[in-house]
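Chemist:
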Amino acid sequence: DTASLKVWPSTSPSELMEQALRKWLTTHGPEEEGRQAEQYVLRVSDKLEFLCGDHPLIQYKYIKACLQAKECPHLTLVQVSTVQAMFEKEISAIGAVVNRKSSIPPLPLPPKRRGPSQVNTCVWEVSTHFKIVLIKGSKVNAEETAKVQVRAGLFHGTELLCKPAVSSESSGRSEHVWNSTLEFDITVSDLPRMTRLCFAVYAVMDKVKKQKSTKNAHINKYQTIRKSGKVHYPVAWVNTMLFDYKGQLKTGDIVLHSWSSFPDELEEMLNPIGTIQTNPYTENTTALHIHLPDYNPHPILFPPFDKILEKAAEIAGSSDCLPMVLS
9 DTASLKVWPS TSPSELMEQA LRKWLTTHGP EEEGRQAEQY VLRVSDKLEF
59 LCGDHPLIQY KYIKACLQAK ECPHLTLVQV STVQAMFEKE ISAIGAVVNR
109 KSSIPPLPLP PKRRGPSQVN TCVWEVSTHF KIVLIKGSKV NAEETAKVQV
159 RAGLFHGTEL LCKPAVSSES SGRSEHVWNS TLEFDITVSD LPRMTRLCFA
209 VYAVMDKVKK QKSTKNAHIN KYQTIRKSGK VHYPVAWVNT MLFDYKGQLK
259 TGDIVLHSWS SFPDELEEML NPIGTIQTNP YTENTTALHI HLPDYNPHPI
309 LFPPFDKILE KAAEIAGSSD CLPMVLS
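Numbering of the sequence shown is given in the numbering used here, commencing with residue 9 and proceeding in unit increments.
As structure tokens, this is what we get:
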């Protein structure tokens, strides 16, 4: 059965479930009066995602995304006992993988000549907010009257992990210097293994009346942000991974040669689905010079998959995990 309910964004999940159950009783009669909101949890329809806790609906990521897209959220009432059974099944599967041992031991690897063992730091131990230093941009192809800004965002696939960071406006011709730190509202410990750092360089110009001339048609195509009497249009974009192929968090100075061809749709003026390769034709391309700081004297590594499973089993087995999921 389905039902539509109109509620305020400040409504809590428990209040929403109570309203849904009251509406259920009006259509199914008094024989269903035994149902209580405490017996249920709200699940995102067609997804294995739940609204945990009892916060205002607007604070939940799924609800906020629906409102931003002007879509109606679709939620399903699921019995707590059903979720608990799913939870116990997942815990059993994780435990089986962690404890699984091969019946045939692998052949021993030849001994390696190693120097002193290197001390590494697990990324989960770094609680500092992630940040970068935006040094400068060179060969920026923008009109001389325009000011230039850089927008940076952290993505996991197409999912924006936190609010993008934006630089100050810079005036000049093709060379723009910032030497400023851009800090993100996410800690290093919360960065996924495949996090992408995405950049967009764009020009900021005064808004002008629309003209019939097609001289600047390529600019109008990418005018995606208009605010405070200004028009922002992209000049270049470039993406890079935060962790290298060994799972080590990148540090140091990096030069990113960007691309100037944009897709029709952008996410916060960024292009997270674009390539992570920099532009090989460096002669006339916009280049961003950035610095990724050190958060620890030792290299910071993302743990291997078996360690992730062990940690998941440890968290799942803790006494405070189950009530958190089912609250």
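Each residue gets a CB set at the ideal place from its N, CA and C atoms; glycine is no exception.
Keeping to the same chain, check which residues put their C-beta closer than 7 Å to that of Ile227; ignore five residues upstream and five downstream.
Modeler: A caution first: Ile227 carries a pLDDT of 46, below 50, which makes its placement in the model too unreliable to give a value.
Chemist: Give the single residue among Asp62, Glu273, Phe95 whose Cα lies nearest to the Cα of Pro17.
Modeler: Nearest C-alpha to Pro17: Asp62.
Chemist: With C-beta atoms as the reference, is Ala160 less than 8 Å away from Ala173?
Modeler: It is a contact, given that the beta carbons lie within the stated cut-off.
Chemist: In terms of residues, what are the limits of the beta strand (DSSP E) holding Cys206?
Modeler: It spans 204–214 - the beta strand (DSSP E) in which Cys206 sits, taken as one unbroken run.
Chemist: Using DSSP's beta-bridge definition, name the partner residues of Cys130.
Modeler: Answer is Leu309, bridged to Cys130.
Chemist: If Asn247 sits next to Leu274, beta carbons under 8 Å apart, how far is it from one beta carbon to the other, in whole angstroms?
Modeler: About 13 Å separates the two Cβ atoms, so there is no contact after all.
Chemist: Whose CA, out of Arg30, Met94, Leu33, Gln44, lies closest to the CA of Phe58?
Modeler: Among Arg30, Met94, Leu33, Gln44, the Cα nearest to that of Phe58 is on Met94.
Chemist: Between the C-alpha atoms of Asp272 and Lys78, what's the straight-line distance to the nearest angstrom?
Modeler: Roughly 20 Å separates the two Cα atoms.
Chemist: Ordered along the chain, which non-local residues of its own chain (more than five positions away) have a Cβ less than 7 Å from that of Lys147?
Modeler: Only Ser182, Asn292, Thr293, Thr294, Ala295 meet the Cβ criterion.
Chemist: Under 8 Å by Cβ, that's how I've got Asp33 and Leu24 pegged, so tell me the actual separation to the nearest angstrom.
Modeler: In the sequence on display, residue 33 carries Leu and not Asp. The pair is not a contact, with the Cβ atoms about 15 Å apart (cut-off 8 Å).
Chemist: Only counting the same chain, and skipping five residues up and downstream in sequence, which positions put a Cβ closer than 8 Å to that of Glu152?
Modeler: The answer, listed in chain order, is Arg181.
Chemist: Go ahead and label Ser221 buried or exposed: buried means 16 or more other beta carbons lie within 10 angstroms of its beta carbon, across all protein chains shown.
Modeler: Annotation note: pLDDT 43 at Ser221 (below 50); position unreliable, no value reported.
Chemist: If we call anything under 8 Å between Cβ atoms a contact, is Asn177 one with Gln157?
Modeler: Correcting the residue identity first, residue 177 is Glu in this sequence and not Asn. Taking 8 Å as the Cβ cut-off, Glu177 and Gln157 qualify as a contacting pair.
Chemist: Quick one: grab the DSSP three-state call for Tyr230.
Modeler: Here the model assigns Tyr230 a pLDDT of 49, short of 50, so the residue's position is not dependable, and the following value carries that caveat. Of the three classes helix, strand and coil, the one that applies to Tyr230 here is coil, per DSSP.
Chemist: Report yes if the CB atom of Trp267 is closer than 8 Å to the CB atom of Gly255, and no otherwise.
Modeler: Not closer than 8 Å, so no.
Chemist: Could you tell me which whole alpha helix (DSSP H) segments of length 4 or greater appear in the region 39–89?
Modeler: Segments of the alpha helix (DSSP H) lying fully in the region 39–89: 69–76.
Chemist: Spell out the partners DSSP gives Val141 in its beta bridges.
Modeler: Beta-bridge pairing links Val141 to Thr189, His299.
Chemist: Rounded C-beta distance between Ile140 and Leu300? I'm assuming under 8 Å.
Modeler: Going by Cβ atoms, the distance from Ile140 to Leu300 rounds to 6 Å, so yes, they are a contact pair.
Chemist: Apart from the five residues just before and just after Thr129, which ones in its own chain have a Cβ nearer than 6 Å to its Cβ?
Modeler: Excluding sequence neighbours, Thr129 sits near Asn304, His306, Ile308.
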